[in-house]
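Keeping their order, the protein sequence lines are chains A and B.
So the first sequence is residues 253 to 576, counted in the numbering used here.
So the second sequence is residues 19 to 275, counted in the numbering used here.
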Amino acid sequence: MEEILIEVKGLKKGYKKRKTKEWVQAVNDVNFTVKRGEILGLLGPNGAGKTTTIKMICGLIVPDEGEVVINGITMQKNRLKGLEHISAVLEGNRNLYWRLTARENLEYFAGNRGNSRKEKASEIEELLHEFKLKQKENELVSNLSRGMQQKLALAVALLADSDVILLDEPTLGLDIETGYEVRQLLKKISEAGKTIIISTHDMPVVQDLCERTVIINDGKVIADEKVEELMNLFETSAYVLTLGNELTEQQQKELDVKFPMNELLDGMKLTITLEQDNDIYDLMDLLKKENTIIEKIDRTTINFEEVFMNLIQEEKNHAIHSIN
Amino acid sequence: MPFIQLIKANTRMEFIEMKRYLPNTLSMIATIYIIFLGMLLGINVIGDPAQAEANIQHVIVNYIFWYLTLVTLTNIGFTITMEATRGTLEQLYMSPLGMWKILLSRLIGYMALHGVIVVGLLYLSMATANQWLYLKPDLTLTILLITLVGIVGVGFMIAGASVIFKQIQAFMQILQFILAALAFVPLSVAPILILAPFVKGVDMIRHVMIQGYSWTDFTAMDYTALIVNSVVYLFIGIFFYLKCEKIAMSRGLLGNY
């Protein structure tokens, strides 16, 4: 049986807004578990409650209700003991001392966990090589690129030798190349058996790395599924048809009624999402009726970003129905 | 031992920053020395010539203590504010050793480094004024270390307030005058100040350095008052800090600036 390393049980946190004094329920009864060695993606739109949840897991914010258990230790009862099992990158490059060099940062944070420079020397050396920071080890952090700073922040978290690593937006603000490099590093870290929770907006990170995802909206969990299963759940048939001539007005009207998820680009490129594969025949009939020429049909696949948007949209629609 | 490593790491960090920003460190020392010269000038120009020697000796001891308490206490408040601005404060709170131990090790490191500067300033002041005080390292150091325990306690109180309010610069400006008052007013003038932090310690050190007191010249009551004062301030400081930390965590204020 796979061992559960993190249990998040009924977390609730509310606060008063500073200016308006309005009460906001930032996190409302959030529950999920994470198995040892699992990579969990924590997703949600801005202000959904992801960061508050992550900070409650770290023990940096005390929940109003509920608890977090890590490796059998309840964070709310024995926070410092629990912290032996966690390290985190909460604010990316802002988590570092910019007036110290890359190496000095690694040594300082190792010392802050009670380790001597001597006992961590070989590990620091390895990390500097692995994260391609060796040549910049004596550069002040303020002189490093954002990507390098992000990699250094990850290296600092890894140096803690903890079972769990919490990452809040690890690829935020990185260019495509560095973002890819950081993803590869995260892959390596996960292969080393670490349990990782990633809070992110970066969908390729989720699709690429995470086995499971918890989606939070308005402080509540709206989905807790394996990434693959979510993709299957929202698997739809999307086609791009290149037309030889323009659609008639009547065809366009019928199309909108029968296949509402359609988009016509330049009058000749029709992108259409079908709910069932058999619908393609109805579409053909509709086009054939007015002798529309079809030059090419391409099938497109859904990506995780669309899955995410669909889920959030469904949740919004559900909320509107409930109000009505 | 993890706590020893913590002290080493934080002392090293303070040293690196001090060395890396040497012009800043030197200008701070120069400013403090200029203030001393100003005091010296004041005594020579407007003071009673018959009392000049005694006044200068008092000023040297008081000013050295004022410097030590000022840099230590403003540093701890400034550190918390800076860490919150930088974004490193929450990262420090992720240490399984506990933030209060990190702060304590920062204070120890900072005081140790500035202790060296204090010795330098002391000799420089004595040479400038041509007034040579009794140093008696064993007794002076013992009283100083016990007094510093109380200063650390006050440091924790400032740290606690900083964790919640972050912007306490205005208070820090007022604090330097309070510290000057505590360091400069003799206990014989205001005996109630025995309840204030570090006043008893400064008073005893004045007796050693100016009047040449030895271990046996102080009563058991003197030592008891010194130790009790320091220990009480240390405990109140840590207790206050931990309370503030709890409030900050329950209101989610650690990451705020």
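C-beta atoms are modelled at their ideal positions from N, C-alpha and C, and glycine is treated no differently.
Alpha carbon of residue i to alpha carbon of residue j, nearest angstrom
i, j, result
"V89 of chain B", "M46 of chain B", "10 Å"
"M19 of chain B", "G366 of chain A", "7 Å"
"N330 of chain A", "T272 of chain A", "35 Å"
"I546 of chain A", "I532 of chain A", "13 Å"
"Y432 of chain A", "L342 of chain A", "20 Å"
"K629 of chain A", "R124 of chain B", "In the structure displayed, chain A extends from 253 to 576; residue 629 of chain A sits before or after that span and is not available."
"I549 of chain A", "K540 of chain A", "14 Å"
"E274 of chain A", "K268 of chain A", "5 Å"
"D221 of chain B", "L205 of chain B", "6 Å"
"K119 of chain B", "F21 of chain B", "8 Å"
"G289 of chain A", "I450 of chain A", "13 Å"
"V416 of chain A", "E527 of chain A", "40 Å"
"A201 of chain B", "V207 of chain B", "12 Å"
"L263 of chain A", "P114 of chain B", "22 Å"
"T92 of chain B", "A188 of chain B", "11 Å"
"L211 of chain B", "I169 of chain B", "15 Å"
Per-residue DSSP class, three states only, for residue i
i, result
"F511 of chain A", "coil"
"W150 of chain B", "coil"
"G318 of chain A", "strand"
"E259 of chain A", "strand"
"T430 of chain A", "helix"
"A340 of chain A", "strand"
"D66 of chain B", "coil"
"F545 of chain A", "A quick correction: the sequence has Ile, not Phe, at residue 545 of chain A. Of the three classes helix, strand and coil, the one that applies to I545 of chain A here is coil, per DSSP."
"L396 of chain A", "coil"
"L205 of chain B", "coil"
"T90 of chain B", "helix"
"L312 of chain A", "coil"
"L538 of chain A", "helix"
"T237 of chain B", "coil"
"F258 of chain B", "helix"
"M267 of chain B", "helix"
"F183 of chain B", "helix"
"F383 of chain A", "coil"
"M19 of chain B", "coil"
"Y111 of chain B", "coil"
"D156 of chain B", "helix"
"S300 of chain A", "Residue identity check: residue 300 of chain A is Ala in the sequence provided, not Ser. Coil."
"E254 of chain A", "coil"
"L348 of chain A", "coil"
"G366 of chain A", "coil"
"D413 of chain A", "coil"
"M214 of chain B", "Correcting the residue identity first, residue 214 of chain B is Ala in this sequence and not Met. Reduced to three states, the DSSP call for A214 of chain B is coil."
"A27 of chain B", "helix"
"G445 of chain A", "coil"
"N80 of chain B", "helix"
"S248 of chain B", "helix"
Beta bridge counterpart(s) of residue i as assigned by DSSP
i, result
"W275 of chain A", "A:K268"
"Y491 of chain A", "A:I524 and A:R551"
"Q476 of chain A", "According to the sequence shown, residue 476 of chain A is Asp rather than Gln. Looking at the DSSP assignment, D476 of chain A forms a beta bridge with A:V466."
"S451 of chain A", "A:L294 and A:D420"
"F284 of chain A", "A:V260"
"I325 of chain A", "A:I322"
"Q353 of chain A", "A small fix is needed here, since residue 353 of chain A is Thr in this sequence, not Gln. Beta-bridge pairing links T353 of chain A to A:L392."
"L516 of chain A", "A:L522"
Inset, instruction - May I ask you to list, following chain order, the residues of the segment 82-112 of chain B that have a beta carbon less than 8 Å from some beta carbon of chain A? - result: R104, G105, T106, E108, Q109, L110, Y111 and M112
Legend entry - Under 8 Å (Cβ pairs) to chain B, residues found in the segment 303-329 of chain A: T304, K307, C310, G311, L312, I313 and V314
Legend entry - At least three beta-carbon pairs within less than 8 Å, the segment 128-147 of chain B to the segment 77-96 of chain B: yes
Legend entry - Near-chain B residues of the segment 347-365 of chain A - C-beta to any C-beta below 8 Å: N347, L348, Y349, W350, R351, L352, E356, E359, Y360, F361, A362, G363, N364 and R365
Legend entry - Stretch-stretch touch, CB-based, cutoff 8 Å, three pairs: the segment 426-444 of chain A with the segment 371-381 of chain A: no
Inset, instruction - Would you be able to state if there are at least three C-beta pairs under 8 Å between the segment 453-463 of chain A and the segment 474-482 of chain A? - result: yes
Legend entry - Contact residues within the segment 115-133 of chain B, judged by C-beta distance below 8 Å to chain A: Shown in chain order are the members of the segment 115-133 of chain B whose Cβ falls below 8 Å from a Cβ of chain A: L115, G116 and I120.
Legend entry - Cβ pair count under 8 Å reaching 3, the segment 257-273 of chain B against the segment 165-175 of chain B: yes
Legend entry - Inter-stretch contact (C-beta, 8 Å, three-pair minimum) for the segment 112-126 of chain B and the segment 22-36 of chain B: yes
Legend entry - Residues of the segment 254-269 of chain A whose Cβ lies closer than 7 Å to any Cβ of chain B, in chain order: Y267
Legend entry - chain B contacts made by the segment 363-383 of chain A, where a contact means CB separation under 7 Å: G363, N364, R365, G366, N367 and S368
Inset, instruction - Report yes or no: do three or more beta-carbon pairs, one from the segment 221-238 of chain B and one from the segment 157-173 of chain B, lie closer than 8 Å? - result: yes
Inset, instruction - Indicate whether the contact test is met: 3 or more Cβ pairs, each with one atom in the segment 179-186 of chain B and one in the segment 97-109 of chain B, closer than 8 Å. - result: yes
Inset, instruction - Note down, in chain order, all residues in the segment 402-436 of chain A with a beta-carbon under 7 Å from any beta-carbon belonging to chain B. - result: none
Inset, instruction - Could you please tell me which residues of the segment 31-64 of chain B, in chain order, have their CB closer than 9 Å to any CB of chain A? - result: M31, I34, E35, R38 and Y39
Inset, instruction - For the segment 354-368 of chain A and the segment 303-314 of chain A, state whether three or more C-beta atom pairs, one from each stretch, are separated by less than 8 Å. - result: Taking 8 Å as the limit for Cβ pairs, the verdict is that the segment 303-314 of chain A does not touch the segment 354-368 of chain A.
Inset, instruction - With 8 Å as the C-beta to C-beta threshold (strictly closer), list the residues of the segment 271-305 of chain A near chain B in chain order. - result: T304
Legend entry - Members of the segment 250-274 of chain B that neighbour chain A once the beta carbon cut-off is set at 8 Å: Along the segment 250-274 of chain B, going in chain order, the ones with a CB nearer than 8 Å to a CB of chain A are K264, M267, S268, R269, G270, L272 and G273.
Inset, instruction - Could you please tell me which residues of the segment 172-204 of chain B, in chain order, have their CB closer than 7 Å to any CB of chain A? - result: none
Inset, instruction - May I ask you to verify whether the segment 311-330 of chain A touches the segment 344-359 of chain A, counting CB pairs closer than 8 Å and requiring at least 3? - result: no
Legend entry - Chain-ordered residues of the segment 132-149 of chain B with a beta carbon less than 9 Å from chain A: Correct list: empty, as no residue qualifies.
Inset, instruction - Check whether the segment 515-523 of chain A touches the segment 488-498 of chain A, taking contact to mean three or more Cβ pairs, one atom from each stretch, closer than 8 Å. - result: yes
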